[in-house]
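Beneath this line is the structure, given in structure tokens, with notes to follow.
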Amino acid sequence: MHLAKWLAHTPWPILALDLLRANLVGALFTFAFLRFGMPSQDSFQFDDITALNQGIFLTYLILAMIVGGALSIKLSLPVLVWHRRRTRLDNGLARKRALRLPVTLSLVN
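Residue numbers for the sequence shown follow numbering that gives the first Met the number 0, beginning at 0 and rising by one.
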């Protein structure tokens, strides 16, 4: 609970919302391509969706959100701690980690 309160006062929620927005835009482009960009015999049809497919998709979506959120917090936490404390002892390492963070989070998500 303490971690959640501390994270709320850092830039992490903005980063998480930006990643969510990027993932949603990517999902919309993918859906639009599968539905409208492919030939009609190969395109996605709404009749193909079954209750089992919906259940599998929702389970995967929830698990992916939980795992992605936990990994992004784990990877972002050292950078956020450095950002809040700003000690001179670890400036070089923390700066490199902060500059690598967007690429690392993109690979994880």
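Every residue gets a Cβ at the ideal spot worked out from N, C-alpha and C, and that includes glycine.
Counting every other CB atom within 10 Å of its CB across the protein chains shown gives S75 a total of 16 or more, marking it as buried.
Looking at the backbone, the Cα of S105 and that of A26 are separated by about 15 Å. Where F56 is concerned, the enclosing alpha helix (DSSP H) starts and stops at 50-84. With respect to L51, V107 sits apart: the two C-beta atoms are not nearer than 8 Å. V78 sits away from A63, with the two beta carbons spaced by 8 Å or more.
Its chain contains no residue whose beta carbon lies nearer than 6 Å to that of R20 once the 5 sequence neighbours on both sides are disregarded. It is roughly 46 Å from the alpha-carbon of I48 to the alpha-carbon of K95.
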